[in-house]
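Trainee: This is the structure I have questions about; it appears just below.
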Amino acid sequence: MINKVLNSPFDLKTSLALPVNEQSYTLTDELKDIAPEMVPELFSQFDQERVAKLLHQQFTALIMVSSSSTVLGYQYSDTELALRTVISSQQEGLLNNENSDELMKRLNKSVKYIHGAYANTSDILASLGQLGYEQKSFLASSEQRVERALGSYMESINRTDNEDNDNYSFELSVKTKQGDIINIIFNSSQGYDESTGQTVDGFTLSYQVEGDLSEAEHQALTEVLAGIGQMADEFFKVSQNSYSNYVPAGQADFNLDFLADFNHQQLSGFDVSFSTTENQQFGSSENNLDLSYHIDQESNQQALIFNSQAGINEIDFSLDMSTFGGKDVKQMQQYLATLDKNLEDSRYHSKGDNKTSAFGKKDDLKMQQGFAIFKGAFASMSSAAQRYSNIESVAAQQFTDGRAMVAELVDNMISNDPRYQGLGSETKNSLGAGISKLADFDAKFSFSKEPPGRGLRPKISIELAQVTQQHKSGKLTGISQSKTLATHFDYQLTRPDYYDKTESYNIATAVKNQALLGLDQQHQVDVSKETYQFNPKTNQYELQMAFNENIENESNIRLINDIWLENTESSHTMDKKERIANEGSPEDFKRTNHHSHKKLMTLIGDLDKLAENKHLKRQYLTALDEVNFFMDSNTK
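Residues in the sequence shown are numbered from 0 upward in steps of one, following numbering that gives the first Met the number 0.
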């Protein structure tokens with residue numbers, strides 16, 4: 000709908016008569032056109048009178064007006080020329096006994112010619128270097144007058160097959176780094192007036208700038224408008240579903256890839272919202288999408304908030320991420336795979352009595368599509384942080400170079416040192432071992448179903464975070480990092496079933512003279528799940544299964560004077576109880592328990608040299624104490 004309406008930057012009503020297959024103009028194009036040109040001076044060579052004369056010449060060249068209808072010595076206005084063009088063309092069609100489809104084609108052709116006259120006038124002025132603010136304003140006002148004049152004529156033939164109450168809106172606010180604000184608002188509505196028996200339309204398109212934009216700011220704005228425009232085109236895309244004209248929010252095939260190239264040097268952020276309200280034959284439908292993205296230069300943080308409501312479904316996600324980070328393809332792939340795995344786990348554990356997803360097939364698909372947008376935004380913001388770090392090299396060097404060096408030392412020890420034993424085999428570390436060079440972040444995603452009445456309200460939420468710190472004490476430096484993942488599913492108090500899983504990986508290092516002296520790692524997984532079944536006799540949900548599991552693995556390595564000292568510890572605890580029958584007392588459960596705990600210390604190196612040389616032994620023990628104290632101080 001929006002793509003069809005915005006066939007021209009100024010003529011909004013006439014374009015309604017154009018059928019779908021003759022439309023190519025989209026909201027992306029509209030946003031590009033509406034961006035302000037950085038030509039502040041007013042051109043004086045072509046005043047309004049000369050522009051009007053040039054416009055009339057283009058009307059004459061493009062529009063064949065019957066000579067018999069011309070009054071000698073009378074100069075038609077732009078509005079009169081446009082009206083006479085449409086009316087005379089329709090009269091000619093009626094005289095030829097043309098049917099409604101043929102008359103519609105004539106109307107489309109007339110409107111196209113009118114657009115062409117304005118476009119050609121604008122192009123000629125631009126080629127002469129005379130398309131300034133005054134000339135643009137005159138052409139815009141003229142075309143708006145034509146729009147109003149044609150509005151009443153086109154009302155009788157416009158949208159006779161769509162008389163429902165529909166509203167579509169788009170709002171965008173962009174803020175520059177200097178504090179200038181650009182606001183763009185578009186509203187389109189259509190409805191049926193029972194008192195008059197006519198279809199009523201309303202359109203609003205406004206553009207406002209608070210401040211003065213530089214050429215660089217204008218270019219950055221244009222790039223953002225291109226990305227936002229593509230989102231808008233997808234959000235308002237016509238659906239193939241006969242019961243709905245629009246693809247619900249969350250189903251649209253859009254992405255946030257343009258964030259990777261967001262110009263942080265000129266812009267500080269934007270807020271955008273889309274909405275559709277449709278009153279179809281089979282009930283009303285409302286879709287809303289709000290997106291906010293901002294960069295805080297003082298805290299070196301970028302933040303994104305996304306909310307989409309499509310009928311009874313809601314998608315929420317947020318991303319807080321540092322603007323400093325390095326490239327780490329392996330870690331990014333690990334994070335994306337982990338997100339997919341945990342979403343799949345949540346979907347599997349959300350299956351109810353009928354072994355199908357609690358969301359149903361259709362809504363389950365919407366959740367996965369929303370999750371794809373979330374992952375895309377995560378990857379794009381990470382790429383933006385890499386680009387920002389390259390541009391702001393002086394500030395970023397203090398943050399990323401040290402981490403990159405330590406990450407290489409850790410990766411070399413884990414991957415290549417034959418003495419390394421790892422974190423045990425109780426469970427796989429899905430977060431990835433070693434130090435991530437990506438920008439730190441806190442990413443949250445949730446999908447919920449909110450049906451009216453007393454229906455079940457399933458909800459899935461996933462949170463992934465990374466936090467990195469740098470440490471220094473004397474000649475020792477180090478980096479500590481935590482990676483955490485939390486997955487949760489429940490029915491928001493409409494049913495007691497739930498599933499919880501948390502996974503964490505913590506790593507700390509001690510480095511001296513570019514040598515890795517200490518490496519501590521901890522990995523932990525906790526899982527908790529309960530399922531219930533409704534008992535109609537008691538009118539209550541009764542526990543069917545309860546499961547709790549804890550897995551912990553730890554490794555502490557000291558490598559001083561080529562002496563390898565490693566302490567590893569692992570534990571596994573599991574408790575599960577299942578109801579024997581569908582009904583029964585609390586003691587009618589089968590219970591399974593498991594617990595294991597292992598500890599191991601490994602010492603590899605030439606210990607004889609310490610036994611034979613007391614001075615060397617004292618140096619080793621002193622260095623060992625320093626590293627242990629450094630590590631303990633930085634992990635508390």
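C-beta: ideal position from N, C-alpha, C; glycine also.
Express the C-alpha separation of residue 391 and residue 10 in angstroms, rounding to a whole number.
Mentor: As a position in the sequence shown, residue 10 is number 11, starting the count at 1. As a position in the sequence shown, residue 391 is number 392, starting the count at 1. Annotation note: pLDDT 35 at residue 10 (below 50); position unreliable, coordinate value reported separately. Roughly 44 Å between the two C-alpha positions.
Trainee: How far does the alpha helix (DSSP H) with residue 217 in it extend, from its first residue to its last?
Mentor: Start at 1 with the first residue of the sequence shown, and residue 217 comes out as number 218. Its alpha helix (DSSP H) spans residues 214-234.
Trainee: So which of 320, 631, 128, 104 has the shortest CA-CA distance to residue 472?
Mentor: By 1-based counting over the sequence shown, the position of residue 472 is 473. Comparing Cα positions, the closest option is 631.
Trainee: Please state whether the Cβ-Cβ distance between residue 486 and residue 456 is less than 8 Å.
Mentor: Here residue 486 is taken as the residue at index 487 of the sequence shown, counted from 1. Here residue 456 is taken as the residue at index 457 of the sequence shown, counted from 1. No. Outside cutoff.
Trainee: Residue 465 and residue 422 look like a contact to me (Cβ under 8 Å); what is the Cβ gap, rounded to whole Å?
Mentor: The sequence position of residue 465 within the sequence shown is 466, counting from 1. The sequence position of residue 422 within the sequence shown is 423, counting from 1. With a Cβ gap of about 18 Å, residue 465 and residue 422 do not count as contacting.
Trainee: Measure the alpha-carbon distance for residue 527 versus residue 384 and round it to whole angstroms.
Mentor: Here residue 527 corresponds to residue number 528 of the sequence shown, with the count starting at 1. Here residue 384 corresponds to residue number 385 of the sequence shown, with the count starting at 1. Rounded to whole angstroms, residue 527 to residue 384 spans 35 Å at the Cα level.
Trainee: Select from 259, 500, 229, 97 the residue whose C-alpha is nearest the C-alpha of residue 529.
Mentor: As a position in the sequence shown, residue 529 is number 530, starting the count at 1. Minimum Cα distance to residue 529 is reached at 500.
Trainee: Mapping the DSSP letters down to three states, classify residue 410 as helix, strand or coil.
Mentor: As a working mapping, residue 410 is identified with position 411 in the sequence shown. Of the three classes helix, strand and coil, the one that applies to residue 410 here is helix, per DSSP.
Trainee: By the three-class DSSP mapping on this structure, what secondary structure does residue 120 have?
Mentor: Stepping through the sequence shown from its first residue, residue 120 is reached at position 121. Reduced to three states, the DSSP call for residue 120 is helix.
Trainee: Identify, in the order they occur along the chain, each residue of the same chain with its Cβ nearer than 8 Å to the Cβ of residue 402, setting aside the five sequence neighbours on each side.
Mentor: Within the sequence shown, the letter at position 403 stands for residue 402. So the qualifying residues of the chain are 325, 434, 436, 467, 469, 478.
Trainee: For residue 434, does the three-state DSSP call read helix, strand or coil?
Mentor: Counting from 1 along the sequence shown, the entry for residue 434 is found at position 435. Note: residue 434 maps to coil in three-state DSSP.
Trainee: Would you say residue 544 and residue 577 are within 8 Å of each other, going by their C-beta atoms?
Mentor: Working through the sequence shown from its first residue, we reach residue 544 at position 545. Working through the sequence shown from its first residue, we reach residue 577 at position 578. Yes, the pair counts as a contact, with Cβ atoms nearer than the cut-off.
Trainee: Thinking C-beta only, is residue 120 closer than 8 Å to residue 658?
Mentor: What the structure shows of the chain is the stretch from 0 to 635, and residue 658 is not part of that stretch, so it cannot be assessed.
Trainee: Indicate whether the contact test is met: 3 or more Cβ pairs, each with one atom in the region 529-543 and one in the region 557-565, closer than 8 Å.
Mentor: Contact between the region 529-543 and the region 557-565 is absent, because fewer than three Cβ pairs lie under 8 Å.
Trainee: Taking C-alpha atoms, which residue in 311, 373, 506 lies nearest to residue 451?
Mentor: The residue given as residue 451 occupies position 452 in the sequence shown. The residue with the shortest Cα to Cα distance from residue 451 is 311.
Trainee: For residue 375, report the span of its alpha helix (DSSP H) as first-last.
Mentor: As a first step, residue 375 must be located in the sequence shown, where it is residue number 376. Note, residue 375: alpha helix (DSSP H), 359-390.
Trainee: Under a three-way DSSP split, which group does residue 444 fall into?
Mentor: Counted from its first residue, the sequence shown places residue 444 at position 445. Note: residue 444 maps to strand in three-state DSSP.
Trainee: Contact check, residue 172 vs residue 186 under 8 Å by CB: the rounded distance?
Mentor: As a working mapping, residue 172 is identified with position 173 in the sequence shown. As a working mapping, residue 186 is identified with position 187 in the sequence shown. That belief does not hold up - the Cβ atoms of residue 172 and residue 186 are roughly 15 Å apart, past 8 Å.
Trainee: Rounding to the nearest angstrom, what Cα-Cα distance links residue 633 and residue 372 in this structure?
Mentor: For this step, residue 633 is matched to residue 634 along the sequence shown. For this step, residue 372 is matched to residue 373 along the sequence shown. When rounded, the distance between both Cα atoms is 37 Å.
Trainee: How many Å lie between residue 129 and residue 45 at the Cα?
Mentor: Taking the sequence shown and counting its residues from 1, one reaches residue 129 at position 130. Taking the sequence shown and counting its residues from 1, one reaches residue 45 at position 46. Their Cα atoms are separated by approximately 7 Å.
Trainee: Could you tell me the boundaries of the alpha helix (DSSP H) in which residue 309 lies?
Mentor: Residue 309 sits at position 310 when you count from the first residue of the sequence shown. It is not in any alpha helix (DSSP H) - residue 309 instead sits in the beta strand (DSSP E) that spans 300-309.
Trainee: Straight-line CA distance for residue 616 to residue 476?
Mentor: Taking the sequence shown and counting its residues from 1, the one referred to as residue 616 is at position 617. Taking the sequence shown and counting its residues from 1, the one referred to as residue 476 is at position 477. Distance between the alpha carbons of residue 616 and residue 476: 23 Å.
Trainee: Determine the direct distance from the alpha carbon of residue 233 to that of residue 525, and round the result to whole angstroms.
Mentor: The residue you call residue 525 lines up with position 526 of the sequence shown. The residue you call residue 233 lines up with position 234 of the sequence shown. Straight-line Cα distance between these residues: approximately 40 Å.
Trainee: Is it the case that the region 292-301 contacts the region 261-278, given that we only count it when at least three CB pairs across the two stretches are under 8 Å?
Mentor: Contact holds: three or more Cβ-Cβ distances are below 8 Å.
Trainee: Closest by CA to residue 404, which one among 515, 215, 144?
Mentor: For this step, residue 404 is matched to residue 405 along the sequence shown. Checked all of 515, 215, 144; the closest Cα to residue 404 is 515.
Trainee: In angstroms, rounded to a whole number, what distance separates the CA positions of residue 273 and residue 309?
Mentor: If you number the sequence shown from 1, residue 273 lands on position 274. If you number the sequence shown from 1, residue 309 lands on position 310. So the alpha carbons of these two residues sit roughly 11 Å apart.
Trainee: Closest by CA to residue 520, which one among 255, 507, 532?
Mentor: Here residue 520 refers to the residue found at position 521 of the sequence shown. Taking only the C-alpha atoms, the option nearest residue 520 is 507.
Trainee: Taking residue 563 as the reference, which of 588, 598, 517 has the closest Cα?
Mentor: On the sequence shown, position 564 is the one that residue 563 refers to. Residue 517 is the option with its Cα nearest to residue 563.
Trainee: Give the range of the alpha helix (DSSP H) segment to which residue 485 is assigned.
Mentor: As a working note, residue 485 is residue 486 in the sequence shown. Note, residue 485: premise wrong, no alpha helix (DSSP H); beta strand (DSSP E) at 475-489.
Trainee: Could you pull out every residue in the same chain whose Cβ sits closer than 7 Å to the Cβ of residue 49, ignoring the five residues on either side in sequence?
Mentor: The sequence position of residue 49 within the sequence shown is 50, counting from 1. Same-chain partners within the cutoff: there are none.
Trainee: Do residue 138 and residue 117 count as a contact pair if the criterion is CB distance below 8 Å?
Mentor: By 1-based counting over the sequence shown, the position of residue 117 is 118. By 1-based counting over the sequence shown, the position of residue 138 is 139. Result yes, Cβ atoms of residue 117 and residue 138 sit closer than 8 Å.
Trainee: Per DSSP, residue 636 forms a beta bridge with which residues?
Mentor: Residue 636 is absent from the model: the chain starts at 0 and stops at 635.
Trainee: Once the 5 residues before and after residue 553 are set aside, which same chain residues still bring their CB inside 6 Å of it?
Mentor: Walking along the sequence shown from the start, residue 553 turns up at place 554. Counting only Cβ-Cβ distances below 6 Å, and skipping sequence neighbours, we find 521, 568.
Trainee: Leaving out the 5 sequence neighbours to the left and right, which residues in its chain are closer than 6 Å to residue 474 when beta-carbon positions are compared?
Mentor: Along the sequence shown, one-based indexing puts residue 474 at 475. Once the five neighbours on either side are set aside, the close Cβ partners of residue 474 are 511.
Trainee: According to DSSP, which residues form a beta bridge with residue 540?
Mentor: In the sequence shown, the residue the question calls residue 540 occupies position 541. Per DSSP, 533.
Trainee: Once you ignore the five residues that flank residue 598 on each side, which residues in its own chain have a CB closer than 6 Å to its CB?
Mentor: The residue labelled residue 598 in the question sits at position 599 within the sequence shown. Once the five neighbours on either side are set aside, the close Cβ partners of residue 598 are 568.
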